[in-house]
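Residue numbers (UniProt numbering), protein chains in the order written: chain A, 1 to 381; chain B, 1 to 381.
Below you'll find the structure, written out as structure tokens, and then a few comments.
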């Protein structure tokens with residue numbers, strides 16, 4: 001049926017009607033007073049979301065562009081950096097650091113688990129010349145959330161910067177930039193922030209600025225020094241995606257009106273219900289409860305059944321889209337996002353659809369058993 | 001009056017209601033068949049617009065990001081390059097090339113004039129080791145259109161690549177990528193293409209690919225090699241701004257339905273009418289007729305009057321926004337864009353508003369004289 005579709009991938013995510021409507025406003029000039037007022041207001045709201053007093057910069061790019069900005073502005077060729085790698089987005093930090101000529105020390109942790117902060121401490125002790133530690137808050141490829149607070153406190157005791165990929169988590173999972181000593185937090189618009197893709201958002205600490213000022217790597221579009229020149233006037237260095245700024249303002253209003261604590265509690269509830277449902281269906285979750293992501297749940301396909309076969313049925317029969325596995329997880333797992341503009345009924349749809357799809361691909365389940373388990377979580381039973 | 005505003009700056013430009021409406025469609029996954037079909041269709045339409053058989057890549061960034069992509073993918077540290085500089089966007093090529101460690105030879109031409117192709121030929125003859133020539137089709141800061149055809153034919157006789165900034169011109173001014181030997185044409189969404197900011201679009205020739213493959217500069221988000229891996233499947237390397245893709249498709253349909261020849265003729269007519277009106281008001285145009293831009297007209301403020309004072313009155317009294325001068329032209333000129341979603345009535349509004357604003361700032365003109373001159377051009381008198 002036209003216009004009935006259920007997008008449940010970890011970005012891009014559905015955009016709320018209020019935000020869509022806001023973005024239909026006429027285009028405004030990017031050097032106009034109207035834009036500057038909008039920009040100033042957005043930054044104040046983002047500082048609440050990030051729990052920071054730091055300056056926050058909005059780049060017109062997808063999340064990877066923001067990650068490249070974080071690397072290009074802090075890593076000079078020959079610098080030693082530490083990357084925490086337990087999935088595709090951890091790997092991206094390593095790839096980016098290599099591009100900029102860094103000597104990369106990788107702390108690999110098993111895909112589906114979260115990183116042990118003590119290992120970060122050991123790596124820093126063994127390599128006191130590490131300049132930057134790159135971490136992932138929410139590893140979207142596996143559905144893991146890392147303990148940014150503990151890692152941040154460790155890195156803060158060293159001269160190294162702490163850079164965190166918050167692309168898929170920020171807006172759905174709490175982050176305390178100042179208290180947790182995150183020098184650069186970088187995120188994207190199209191995940192928990194409920195916007196179309198096209199913006200990368202990052203906060204910069206004073207400790208980070210000192211490194212950025214001394215940095216030698218080539219950068220222009222992503223240059224934070226160029227951006228900083230325009231910041232006091234609430235301008236951007238280059239033409240910003242003005243309609244996405246308008247949408248971001250509306251999305252932040254929605255989140256602040258709901259209350260950030262409620263937003264985070266909602267995501268945890270959706271996670272818990274999804275996991276209970278998956279277990280009730282006898283399927284295997286990829287992550288332990290202790291580091292399970294509040295915004296995306298990874299599930300192994302039953303033995304002998306391709307995860308992508310299940311996904312195909314879901315798309316074809318019910319217009320429900322789950323994400324597949326990436327890299328070595330391809331066709332082995334599917335991922336259900338409950339991220340951003342998602343409520344209890346989205347989980348019900350996901351699970352009911354999954355039950356029917358499993359039936360169709362020849363893996364009989366007790367229809368309704370998963371839905372019931374989710375309902376029980378929602379009812380607090 | 002709320003919702004009555006006339007944005008006449010050379011980007012971002014107003015977005016047609018049909019395009020706005022298209023972009024309110026629900027978000028689709030960026031690895032979905034729906035996206036791939038959309039992407040494939042857009043590229044075919046862009047190839048008509050660019051008049052090329054080359055592959056065309058769409059990046060999620062503003063126009064400057066596309067320019068950085070063109071530099072980062074073709075310039076290795078130590079390469080000698082030639083930049084043609086007659087305004088702020090020509091200077092941007094030099095700045096970008098310096099960032100990537102190039103030895104930059106600047107061919108400076110006077111702001112407000114266009115570059116003499118013979119000087120390009122002389123520079124290439126004197127420096128046969130030039131690797132890339134960077135030019136600007138439409139120099140937005142001065143309102144000049146350069147002779148890309150003649151320059152392209154000269155560069156094609158050398159091993160150098162010919163890279164053209166078409167950010168503000170493409171969609172309003174004809175370009176023939178293949179026939180004029182443009183190796184990389186790079187443009188943006190928010191100018192003549194009638195979209196919000198957020199996309200950069202570029203075509204890549206076979207000659208360019210050879211250089212790109214051998215290039216040593218750091219790049220990741222803007223890496224065309226990474227983009228090329230995904231191209232056969234109509235995917236992008238990183239999450240694209242899917243809603244802008246939907247809008248781009250709608251905008252291209254509008255342009256192709258109007259007919260590209262008609263689009264270009266419309267812009268020339270708007271230019272001619274604007275220039276006739278300015279002359280009728282006794283003001284001085286910045287550019288000669290021979291290289292006057294079809295999409296933006298630069299006008300000197302009358303002696304003793306700040307261009308920005310005129311602009312302020314226009315904004316405050318009539319909600320009309322002209323652009324100001326940049327860098328050394330600040331407060332000396334104003335720029336009227338007739339770019340993209342612009343018709344005869346937009347010129348009438350611009351000129352009638354300008355007449356009244358001039359009156360208010362103490363430079364009396366014959367009210368209606370400029371409007372009449374524009375009308376005569378429209379009527380072919």
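Using N, Cα and C, we set each Cβ at its ideal position, and we do this for glycine too.
Here the structure is a predicted model, which is why all the values come from computation and not from measurement.
Practice prompt. Examine the ligand SAH and report whether any of its heavy atoms sits within less than 8 Å of the Cβ of residue 342/B.
Written response: As for the ligand SAH, it is missing from this structure, which has no ligand bound.
Worksheet item: So which residues on chain B does residue 7/A lean against when the C-beta distance must stay under 8 Å?
Response: Looking up residue 7/A in the first chain gives position 7. Those within 8 Å of residue 7/A in chain B are 26, 27, 28, 29.
Discussion item. Distance check for residue 192/B and residue 257/B, CA to CA, integer angstroms please.
Written reply: Counting from one through the second chain, the residue named residue 257/B turns up at place 257. Counting from one through the second chain, the residue named residue 192/B turns up at place 192. Near 16 Å, if we compare the C-alpha coordinates of residue 192/B and residue 257/B.
Worksheet item: Between the segment 153-170 of chain B and the segment 22-38 of chain B, do at least 3 Cβ pairs fall closer than 8 Å?
Response: No, the segment 153-170 of chain B does not touch the segment 22-38 of chain B.
Worksheet item: Under 9 Å, do residue 86/A and residue 149/A count as touching if we go by C-beta distance?
Response: On the first chain, position 86 is the one that residue 86/A refers to. On the first chain, position 149 is the one that residue 149/A refers to. Going by C-beta atoms, residue 86/A is not nearer than 9 Å to residue 149/A.
Item to complete: Taking residue 187/A as part of the beta strand (DSSP E), name the residues at either end of that continuous run.
Response: Counting from one through the first chain, the residue named residue 187/A turns up at place 187. Run containing residue 187/A: 184-188, per the beta strand (DSSP E) assignment.
Worksheet entry | Pair within 9 Å by beta-carbon distance, residue 354/A and residue 314/A | Numbered from its first residue, the first chain carries residue 354/A at position 354. Numbered from its first residue, the first chain carries residue 314/A at position 314. Contact: yes.
Discussion item. What does the alpha-carbon distance come out to for the pair residue 316/A and residue 263/B?
Written reply: Stepping through the first chain from its first residue, residue 316/A is reached at position 316. Stepping through the second chain from its first residue, residue 263/B is reached at position 263. If I take the Cα positions, the gap works out to 41 Å.
Discussion item. Just checking: is the beta-carbon of residue 96/B within a distance shorter than 9 Å of some beta-carbon in chain A?
Written reply: For this step, residue 96/B is matched to residue 96 along the second chain. Output row for residue 96/B: interface = yes.
Discussion item. Looking at the secondary structure, which residues open and close the alpha helix (DSSP H) in which residue 254/A lies?
Written reply: Residue mapping note: residue 254/A aligns to position 254 of the first chain, counting from 1. Residues 242-258.
Worksheet item: Whose Cβ in chain B lies nearer than 8 Å to the Cβ of residue 219/A?
Response: Numbered from its first residue, the first chain carries residue 219/A at position 219. Within chain B, the residues near residue 219/A are 99.
Worksheet item: So residue 352/B packs on residue 280/B, CB below 8 Å; how close in whole Å?
Response: Residue mapping note: residue 352/B aligns to position 352 of the second chain, counting from 1. Residue mapping note: residue 280/B aligns to position 280 of the second chain, counting from 1. The Cβ separation is near 12 Å, so there is no contact.
Fill in: contact_flag[the segment 289-299 of chain B, the segment 333-347 of chain B] where n(CB pairs < 8 Å) is 3 or more
yes
Practice prompt. Look at the Cβ atom of residue 72/B, then the Cβ atom of residue 222/B, and state whether they are nearer than 9 Å.
Written response: Taking the first residue of the second chain as position 1, residue 72/B is located at position 72. Taking the first residue of the second chain as position 1, residue 222/B is located at position 222. Yes, the Cβ-Cβ distance between residue 72/B and residue 222/B is below 9 Å.
Fill in: Exposed unless 16 or more other CB atoms sit within 10 angstroms - verdict on residue 271/B
Here the question's residue 271/B lines up with position 271 in the second chain. Per the 10 Å Cβ criterion, buried.
Discussion item. Less than 6 Å between C-beta atoms, sequence neighbours within five positions excluded: which residues of the same chain meet that for residue 234/B?
Written reply: Sequence index remark: in the second chain, residue 234/B carries index 234 (1-based). Short of 6 Å from the beta carbon of residue 234/B, and not among the five residues preceding or following it, lie these beta carbons of its own chain, in chain order: 36, 39, 40.
Worksheet item: Going by beta carbon distance, what residues of the same chain come within less than 8 Å of residue 324/B, once the five residues before and after it are set aside?
Response: Residue numbering aside, residue 324/B sits at position 324 when the second chain is read from its first letter. Hits under 8 Å: 307, 308, 311, 330, 331, 333, 334, 335.
Item to complete: For residue 38/B, decide whether its Cβ has a neighbour in chain A, counting only Cβ atoms nearer than 9 Å.
Response: Position 38 of the second chain holds residue 38/B. Not an interface residue.
Discussion item. Suppose you measure from the CA of residue 134/B to the CA of residue 196/A; what does that come to, to the nearest Å?
Written reply: By 1-based counting over the second chain, the position of residue 134/B is 134. By 1-based counting over the first chain, the position of residue 196/A is 196. In this structure, the CA atom of residue 134/B is about 33 Å from the CA atom of residue 196/A.
Discussion item. Looking at the secondary structure, which residues open and close the alpha helix (DSSP H) in which residue 316/B lies?
Written reply: Here residue 316/B refers to the residue found at position 316 of the second chain. Residue 316/B -> alpha helix (DSSP H) spans 307-318.
Worksheet entry | Cutoff 9 Å: residue 293/B Cβ touching any chain A Cβ | Position 293 of the second chain holds residue 293/B. No, its Cβ sits nowhere closer than 9 Å to a Cβ of chain A.
Worksheet item: Could you give the residue range of the beta strand (DSSP E) that holds residue 382/A?
Response: The first residue shown for chain A is 1 and the last is 381, placing residue 382/A beyond what the model contains.
Worksheet entry | Residue from 224/A, 248/A, 201/A whose Cα sits closest to the Cα of residue 209/A | Within the first chain, the letter at position 209 stands for residue 209/A. Of 224/A, 248/A, 201/A, the residue nearest in Cα terms is 224/A.
Discussion item. Helix, strand or coil for residue 8/A? Go by DSSP, reduced to three states.
Written reply: If you number the first chain from 1, residue 8/A lands on position 8. Correct three-state label for residue 8/A: strand.
Worksheet item: From residue 160/B to residue 130/B, what distance separates their C-alpha atoms?
Response: Position 160 of the second chain, counting from 1, holds the residue named residue 160/B. Position 130 of the second chain, counting from 1, holds the residue named residue 130/B. Looking at the two C-alpha atoms, the distance is approximately 6 Å.
Worksheet item: Given a limit of 7 Å on CB to CB distance, which residues of the segment 180-201 of chain B reach chain A?
Response: 190, 196, 197, 198
Item to complete: Could you check what DSSP says for residue 43/B in three-state terms: helix, strand or coil?
Response: One-based indexing of the second chain puts residue 43/B at position 43. Three-state result, residue 43/B: helix.
Discussion item. Strictly below 9 Å CB to CB, what residues from chain B border residue 14/A?
Written reply: Here residue 14/A corresponds to residue number 14 of the first chain, with the count starting at 1. Going along chain B in sequence order, the residues near residue 14/A (Cβ under 9 Å) are 26, 27.
Discussion item. Is there a Cβ of chain B sitting closer than 9 Å to that of residue 63/A, yes or no?
Written reply: In the first chain, residue 63/A corresponds to position 63, counting from 1. Chain B contact via Cβ: present.
Practice prompt. Pick out the complete beta strand (DSSP E) segments inside the segment 96-161 of chain B, 3 residues or longer, and give them in chain order.
Written response: Unbroken beta strand (DSSP E) stretches of 3 residues or longer found wholly inside the segment 96-161 of chain B: 103-108, 130-136, given in chain order.
Worksheet item: Should residue 132/B and residue 162/B be called a contact, given that it needs their Cβ atoms to be closer than 9 Å?
Response: Indexing the second chain from 1 puts residue 132/B at position 132. Indexing the second chain from 1 puts residue 162/B at position 162. Closer than 9 Å, so yes.
Item to complete: Please classify residue 167/A: does DSSP put it in a helix, a strand, or coil?
Response: Residue mapping note: residue 167/A aligns to position 167 of the first chain, counting from 1. When secondary structure is reduced to three states using DSSP, residue 167/A falls in the coil class, being assigned neither helix nor strand.
Practice prompt. Report back the beta-carbon spacing between residue 27/A and residue 12/B to the nearest angstrom; my notes put them in contact at under 8 Å.
Written response: Locating residue 27/A in the first chain gives position 27, counting from the first residue. Locating residue 12/B in the second chain gives position 12, counting from the first residue. At roughly 5 Å, the Cβ-Cβ gap stays under 8 Å, so residue 27/A and residue 12/B are in contact.
Discussion item. Quick check: residue 189/A and residue 25/A, are their CB atoms within less than 9 Å of each other?
Written reply: Sequence index remark: in the first chain, residue 189/A carries index 189 (1-based). Sequence index remark: in the first chain, residue 25/A carries index 25 (1-based). The Cβ atoms of residue 189/A and residue 25/A lie no closer than 9 Å to each other.
Worksheet item: How is the beta strand (DSSP E) around residue 53/A delimited, first residue to last?
Response: Along the first chain, one-based indexing puts residue 53/A at 53. Unbroken run through residue 53/A: none, as it is neither H nor E.
Practice prompt. Mind listing, in chain order, the continuous alpha helix (DSSP H) runs of no fewer than 4 residues lying wholly within the segment 316-376 of chain B?
Written response: For secondary structure counted as the alpha helix (DSSP H) over 4 or more consecutive residues, the segment 316-376 of chain B holds these complete runs in sequence order: 344-360.
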